[in-house]
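Enquirer: To start, I am sharing the structure in question, which I have written as structure tokens.
In my numbering, the protein residues as written are 19 to 182.
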């Protein structure tokens, strides 16, 4: 889904990356892939921030949200490296994203802290990180307790102003 040209410009290089495409084969929650989940978190956080006219680093918000679950394994399959997935996957996602993409400090913190307060000492240090943390939790609940057809994105209130 293309929200606007700015979102698309930032998101497409990640979404089209060969390794990022592998997220389509891993399930996040229910029948949602990690790819779908990450994209929905990014879209929801972006739409909310734009509708509220928040002064943010939108590039870092989008990239951090898209990469927050870049752990590259199926956590549903038993493997000793996958134990305590909820606590450990932010570090794996950060490690993998850092190897593949040039991340700034804000993006690194967004990825590393997105499971706060579960990962209590991995604290969000920016508004962008707090938004990803919030919308990741909200999206995971929708995916786990809802159905794919029930999950709808809010519309942009001011689409002509988005990306400016």
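C-beta: ideal position from N, C-alpha, C; glycine also.
On the premise that residue 153 lies in contact with residue 115, defined as a C-beta separation below 8 Å, what is that separation, rounded to the nearest angstrom?
Expert: Not a contact, Cβ separation roughly 18 Å.
Enquirer: Could you tell me which residues DSSP puts in a beta bridge with residue 45?
Expert: Answer is 51.
Enquirer: From the DSSP output, in three-state form, read off residue 70 for me.
Expert: Looking at residue 70 - three-state DSSP - the assignment turns out to be coil, as it is neither helix nor strand.
Enquirer: So which of 145, 123 and 112 has the shortest CA-CA distance to residue 129?
Expert: Comparing Cα positions, the closest option is 112.
Enquirer: Hey, would you say residue 59 sits closer than 7 Å to residue 157, going by beta carbons?
Expert: For residue 59 and residue 157, yes; Cβs fall inside 7 Å.
Enquirer: Does the beta-carbon distance from residue 28 to residue 65 come in below 7 Å?
Expert: Going by C-beta atoms, residue 28 is not nearer than 7 Å to residue 65.
Enquirer: Distance check for residue 120 and residue 71, CA to CA, integer angstroms please.
Expert: If you take the alpha carbons of residue 71 and residue 120, they lie about 27 Å apart.
Enquirer: Which of the three DSSP states, helix, strand or coil, is assigned to residue 140?
Expert: Looking at residue 140 - three-state DSSP - the assignment turns out to be coil, as it is neither helix nor strand.
Enquirer: Given a cut-off of 7 Å on the beta-carbon distance, is the pair residue 117 and residue 32 in contact?
Expert: Against a cut-off of 7 Å, the Cβ pair of residue 32 and residue 117 comes out as no contact.
Enquirer: Is it the case that the Cβ atoms of residue 82 and residue 36 are separated by a distance below 7 Å?
Expert: Against a cut-off of 7 Å, the Cβ pair of residue 36 and residue 82 comes out as no contact.
Enquirer: Can you give me the Cβ contacts of residue 127 inside the same chain, cut-off strictly under 6 Å, excluding the 5 residues immediately before and after it?
Expert: Only 143 and 147 meet the Cβ criterion.
Enquirer: Give the DSSP-derived three-state secondary structure of residue 11 in the structure shown.
Expert: Absent from the structure is residue 11, since the part of the chain shown begins at 19 and ends at 182.
Enquirer: Figure out for me which residue from 22, 50 and 131 has the closest Cα to the Cα of residue 185.
Expert: Coverage of the chain is limited to positions 19 through 182, which leaves residue 185 absent and any answer about it impossible.
Enquirer: Taking residue 187 and residue 150 to be in contact with their CB atoms under 8 Å, please state how far apart those CB atoms are, rounded to whole angstroms.
Expert: What is shown of the chain runs 19 to 182, which leaves residue 187 out entirely.
Enquirer: Keeping to the same chain, check which residues put their C-beta closer than 7 Å to that of residue 53; ignore five residues upstream and five downstream.
Expert: Contacts found: 41 and 42.
Enquirer: DSSP on residue 25, reduced to helix/strand/coil?
Expert: Of the three classes helix, strand and coil, the one that applies to residue 25 here is helix, per DSSP.
Enquirer: So, are the CB atoms of residue 63 and residue 55 less than 7 Å apart?
Expert: For residue 63 and residue 55, no; Cβs fall outside 7 Å.
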